[in-house]
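Working notes, structure below.
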Amino acid sequence: MPRMIPNNRPGFQNSSPTPKAVSRNTSAPTVVQLFSCLDKISHIEWANDSEYILCGLYKRPMIQAWSLTQPEWTCKIDEGPAGIAYARWSPDSRHILTTSDFQLRLTVWSLLNTACVHVQGPKHGSKGVSFTKDGKFAAICTRRDCKDYVNLLSCHAWEIMGAFSVDTLDLADIEWSPDDSAIVIWDSPLEYKVLIYSPDGRCLSKYQAYESGLGVKSVSWSPCGQYLAVGSYDQMLRVLNHLTWKTFAEFMHLSTVRGPCNAALFKEVDEPLHLNMSELCLSDEFLQGNSDVSEGHFRVMYEVTEVPISLPFQKPPADKPNPKQGIGLMSWSKDSRYIYTRNDSMPTALWIWDIHHLELAAILVQKDPIRAAAWDPTCTRLVLCTGSSHLYMWTPSGACCVSNPLPQFNITDLKWNSDGSCLLLKDKDSFCCAAVSLMPESSEYSSDD
10 MPRMIPNNRP GFQNSSPTPK AVSRNTSAPT VVQLFSCLDK ISHIEWANDS
60 EYILCGLYKR PMIQAWSLTQ PEWTCKIDEG PAGIAYARWS PDSRHILTTS
110 DFQLRLTVWS LLNTACVHVQ GPKHGSKGVS FTKDGKFAAI CTRRDCKDYV
160 NLLSCHAWEI MGAFSVDTLD LADIEWSPDD SAIVIWDSPL EYKVLIYSPD
210 GRCLSKYQAY ESGLGVKSVS WSPCGQYLAV GSYDQMLRVL NHLTWKTFAE
260 FMHLSTVRGP CNAALFKEVD EPLHLNMSEL CLSDEFLQGN SDVSEGHFRV
310 MYEVTEVPIS LPFQKPPADK PNPKQGIGLM SWSKDSRYIY TRNDSMPTAL
360 WIWDIHHLEL AAILVQKDPI RAAAWDPTCT RLVLCTGSSH LYMWTPSGAC
410 CVSNPLPQFN ITDLKWNSDG SCLLLKDKDS FCCAAVSLMP ESSEYSSDD
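Each residue of the sequence shown is one higher than the one before, starting from 10 at the first, in this note's numbering.
Below, the structure is given as structure tokens:
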């Protein structure tokens with residue numbers, strides 16, 4: 010039987026060597042709490058109020074939760090034979106939602122009274138769940154009798170308020186609008202279909218750009234709620250308005266960019282450093298820890314180029330599933346003016362579009378495929394990484410490359426904190442927190458900043 014076991018015993022330990030979850034104070038490099046887990050940590054997530062930490066031990070399968078304000082309090086969720094495919098926090102930070110293996114059920118576990126609520130047959134493990142912005146309701150996708158449904162739950166009592174079927178062949182994902190007035194649902198890549206529903210189950214609009222070929226790959230609401238961006242396998246970005254649900258902008262991602270073009274084109278290059286090294290002696294240890302020196306005396310920087318420019322293009326094989334093409338990565342800036350996209354056929358190029366002027370604002374051409382990108386939550390600043398030791402930034406005023414001082418640390422993923430003062434940088438086996446300075450009023454960036 011699945012169970013949730015609160016553990017209030019101070020000093021609760023496991024005798025075998027265990028992975029640890031470490032909480033640090035970002036204002037000073039001090040350890041706030043050190044928690045020992047029972048198995049390898051597959052997933053870690055902060056609660057919205059930053060009071061609790063969730064650790065997913067999916068191989069066991071088990072969830073462990075910890076409190077920063079009450080270190081002696083712990084919680085263990087054991088799903089037993091059902092397994093755990095994914096776990097997430099609810100908006101109120103007092104419930105944990107787990108999805109079992111093979112999507113048998115979704116369970117809501119309460120940290121207040123150890124009660125649990127089951128939703129049978131969730132459609133996906135890590136997808137298919139969306140909360141309203143105010144955290145009062147949840148939309149959970151399920152499938153039964155070969156048909157997709159949306160279940161609306163109250164996040165107060167976790168009761169099903171209603172359910173309605175949706176016109177999809179194989180629902181891919183769901184997302185509430187920022188103003189909580191509509192729900193967008195899109196179908197699998199085999200069927201191009203974007204559906205807009207009201208919370209009471211009325212279909213407000215149906216959008217289909219074309220019929221033949223692979224369809225929708227990514228969907229994103231703008232923070233203001235007025236625009237809905239749809240990225241497709243045909244390498245185009247389409248933007249719908251919230252009044253008529255019709256497209257008012259279509260952006261193509263061509264491998265060759267020609268004029269006339271007002272976009273700024275930044276290309277990552279290695280600039281040789283002209284230094285007099287005749288009387289300088291460097292140790293082997295220093296050379297091993299500084300890749301820029303050991304690989305040749307250079308610095309990484311952006312070079313501003315002119316059109317026409319040809320972008321590196323990878324043609325996906327026709328005989329393999331899940332082709333690497335189409336808009337696989339996109340996100341809106343905080344002010345809803347800019348949206349960045351990555352066409353997976355050109356993984357080293359990041360496109361930045363200006364929605365106010367309906368034109369291309371910039372292209373960042375990297376040496377390596379772009380792993381992740383994220384907008385500053387407080388201003389129009391974009392940060393991206395490519396798996397190298399450098400960090401790359403763009404603002405409407407320019408772009409720059411920032412060198413990472415940590416030796417042998419390659420940035421594969423990144424996330425902002427809520428106030429934009431800190432970046433979480435992830436390597437394969439480690440992570441670090443980087444303090445980020447506030448945006449200067451006059452942003453004349455260079456690679457030396």
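Note that beta-carbon positions come from the ideal geometry of N, C-alpha and C, so glycine has one too.
Exposed unless 16 or more other CB atoms sit within 10 angstroms - verdict on residue i
| i | result |
| --- | --- |
| Thr-123 | exposed |
| Ser-319 | exposed |
| Glu-259 | exposed |
| His-365 | exposed |
| Cys-212 | exposed |
| Tyr-61 | buried |
| Phe-44 | buried |
| Arg-247 | buried |
| Arg-351 | buried |
| Gln-244 | buried |
| Lys-78 | At residue 78 the sequence reads Thr, which differs from the Lys that was named. Exposed is the call here. |
| Pro-131 | buried |
| Met-261 | exposed |
| Glu-304 | Confidence is the limiting factor: at Glu-304 the pLDDT is only 47, short of 50, which leaves the residue's position unreliable, though a coordinate-based value still follows. Per the 10 Å Cβ criterion, exposed. |
| Gly-268 | exposed |
| Lys-324 | exposed |
| Val-313 | exposed |
| Leu-447 | exposed |
| Glu-277 | buried |
| Leu-199 | exposed |
| Phe-275 | buried |
| Lys-202 | buried |
Straight-line gap, residue i to residue j (C-alpha atoms, nearest Å)
| i | j | result |
| --- | --- | --- |
| Phe-257 | Ile-183 | 22 Å |
| Leu-338 | Ala-381 | 8 Å |
| Glu-168 | Val-117 | 11 Å |
| Asp-438 | Ile-379 | 19 Å |
| Lys-3 | Leu-391 | No answer is possible for residue 3: the residues shown for the chain start at 10 and end at 458. |
| Phe-111 | Ser-135 | 12 Å |
| Ala-166 | Asp-189 | 19 Å |
| Pro-330 | Val-225 | 15 Å |
| Gly-171 | Thr-108 | 20 Å |
| Ile-53 | Ile-72 | 10 Å |
| Asp-176 | Arg-103 | 34 Å |
| Gln-417 | Leu-47 | 29 Å |
| Trp-362 | Tyr-349 | 6 Å |
| Ala-327 | Lys-333 | 11 Å |
| Asp-377 | Thr-421 | 11 Å |
| Asp-101 | Trp-55 | 12 Å |
| Pro-281 | Pro-405 | 27 Å |
| Pro-80 | Ala-74 | 11 Å |
| Leu-432 | Cys-155 | 43 Å |
| Cys-410 | Tyr-311 | 7 Å |
Residue of the options minimising C-alpha distance to residue i
| i | options | result |
| --- | --- | --- |
| Lys-68 | Asp-87, Glu-54, Trp-55, Trp-185 | Asp-87 |
| Val-309 | Ser-231, Thr-404, Asp-328, Leu-400 | Leu-400 |
| Cys-388 | Cys-150, Gln-244, Trp-230, Val-445 | Val-445 |
| Ala-273 | Leu-115, Trp-403, Thr-421 | Trp-403 |
| Val-126 | Ser-163, Gly-92, Val-159 | Ser-163 |
| Ala-96 | Leu-180, His-133, Trp-195 | His-133 |
| Ile-157 | Ala-371, Asp-143, Gly-137, Asp-279 | Looking at the sequence itself, residue 157 is Asp, so the reference to Ile does not match. Asp-157 has its Cα closest to that of Gly-137, out of Ala-371, Asp-143, Gly-137, Asp-279. |
| Phe-322 | Val-374, Ser-229, Ser-345, Glu-368 | Val-374 |
Paired residues, beta bridge with residue i - DSSP
| i | result |
| --- | --- |
| Tyr-349 | Ser-340, Ile-361 |
| Ala-327 | For Ala-327, which the question treats as bridged, DSSP gives no partner whatsoever. |
| Gly-65 | His-52, Ile-72 |
| Arg-114 | Gln-129 |
| Phe-322 | DSSP, once it has assigned bridges, lists no residue as partnering Phe-322. |
| Lys-437 | None, per the DSSP bridge assignment. |
Whole beta strand (DSSP E) elements within the segment 130 to 193, 3-residue minimum: For the segment 130 to 193, whole beta strand (DSSP E) runs of length 3 or above, ordered along the chain, are 138 to 140, 146 to 153, 156 to 163, 169 to 174, 180 to 185.
Ranges of the beta strand (DSSP E) found wholly within the segment 201 to 228, counting only runs of at least 3: Counting only runs of 3+ residues, the beta strand (DSSP E) found wholly inside the segment 201 to 228 occupies 203 to 206, 212 to 216, in chain order.
So within the segment 372 to 434, which uninterrupted beta strand (DSSP E) runs reach at least 3 residues, ignoring any that extend past its ends? Every beta strand (DSSP E) stretch that sits fully inside the segment 372 to 434 and reaches 3 residues is listed by chain position as 381 to 384, 391 to 394, 399 to 404, 407 to 412, 422 to 425.
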